[in-house]
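Please read the structure below before turning to the comments.
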Amino acid sequence: AQTVTQSQPEMSVQEAETVTLSCTYDTSESDYYLFWYKQPPSRQMILVIRQEAYKQQNATENRFSVNFQKAAKSFSLKISDSQLGDAAMYFCAYTGTASKLTFGTGTRLQVTL
Amino acid sequence: DVKVTQSSRYLVKRTGEKVFLECVQDMDHENMFWYRQDPGLGLRLIYFSYDVKMKEKGDIPEGYSVSREKKERFSLILESASTNQTSMYLCASGLGVTNEKLFFGSGTQLSVL
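Here the protein sequences come in this chain order: X and W.
Each residue of the first sequence is one higher than the last, beginning at 27 in the numbering used here.
Each residue of the second sequence is one higher than the last, beginning at 163 in the numbering used here.
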């Protein structure tokens with residue numbers, strides 16, 4: 027079974043600085059997708075970024091980018107120029123041929139002035 | 163605008179009650195999911211469905227059942243609610259074999275007293 031591990035329960039970053047959230051996963055599949063979801067206090071899950079495993083190029087979405095290391099099974103999220111609105115729970119997730127999303131335990135990000 | 167609607171934002175029930183959590187999506191998605199979210203545990207999959215009248219157990223199905231009589235509606239049933247089922251419940255729907263695009267409802271916080 028696939029597992030997703032987020033080893034940082036909480037992180038803190040100053041406004042305008044850069045922060046990296048870590049995620050590792052375990053799978054025997056070669057074709058899969060990885061995701062970062064954001065959950066603000068409103069509880070609405072928002073897709074931040076998605077990476078297809080067959081693509082070597084790291085995905086980017088504005089201030090959000092990933093460092094995808096397939097051999098190491100690592101998928102970290104970098105948030106540049108952090109803003110107060112980035113404060114939220116961040117979940118790393120995996121989906122493969124079983125077609126169900128497996129989530130990590132989450133990282134709570136605080137953004138300070 | 164795509165929508166996944168969960169019928170209640172907050173729910174308080176008594177131990178032993180039968181509880182129905184309803185989820186409706188307006189995107190004609192085949193795939194629908196029920197997760198529960200607990201602090202420190204992330205999101206865990208309870209049940210999912212790929213088609214009408216079809217269901218599959220997720221990682222923690224014990225104490226739950228589901229119903230999918232129509233494509234747009236996926237109900238989670240707690241046959242006899244217990245205090246350890248106090249949690250946040252999230253519904254999601256998606257398209258495609260790998261559900262690379264998943265849409266979430268805003269969650270139901272269930273308290274069982």
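Glycine included, every Cβ here is placed at the ideal spot set by N, Cα and C.
In the DSSP assignment, ARG176(W) falls outside any beta strand (DSSP E), carrying neither H nor E. The C-beta of GLU179(W) comes no closer than 8 Å to any C-beta of chain X.
In the structure shown, the three-state DSSP call for GLN187(W) is strand. For THR123(X), the three-state secondary structure derived from DSSP is coil. Of the other Cβ atoms in all chains shown, 16 or more fall within 10 Å of the Cβ of GLN199(W); this residue is therefore buried. Taking the CA atoms as reference points, ALA113(X) sits about 10 Å from THR133(X). Around the beta carbon of VAL30(X), a 10 Å sphere encloses 16 or more other beta carbons of the protein chains shown; the residue is thus reported as buried. Collapsing the DSSP output to three states places LEU135(X) in a strand. Residue environment analysis places ASN193(W) among the buried positions, since at least 16 neighbouring C-beta atoms fall within 10 angstroms of its C-beta. Identification of chain X residues near GLY269(W) by a Cβ-Cβ cut-off of 7 Å yields ARG69, ordered along the chain. Within chain X, not a single residue places a beta-carbon under 8 Å from that of GLU234(W); the smallest gap is close to 19 Å. Its Cα nearest to that of THR167(W), the residue ALA254(W) stands out among GLU231(W), GLY258(W), THR177(W) and ALA254(W).
Close to chain X, meaning a Cβ-Cβ distance shorter than 8 Å, are the following residues of the region 187-214 of chain W: ASN193, PHE195, TYR197, GLY202, LEU203, GLY204, LEU205, ARG206, LEU207, PHE210 and TYR212. Annotation for ILE222(W): no beta strand (DSSP E) segment contains it, and DSSP assigns it neither H nor E. By the CB criterion at 8 Å, PHE117(X) and TYR63(X) fall inside the cutoff.
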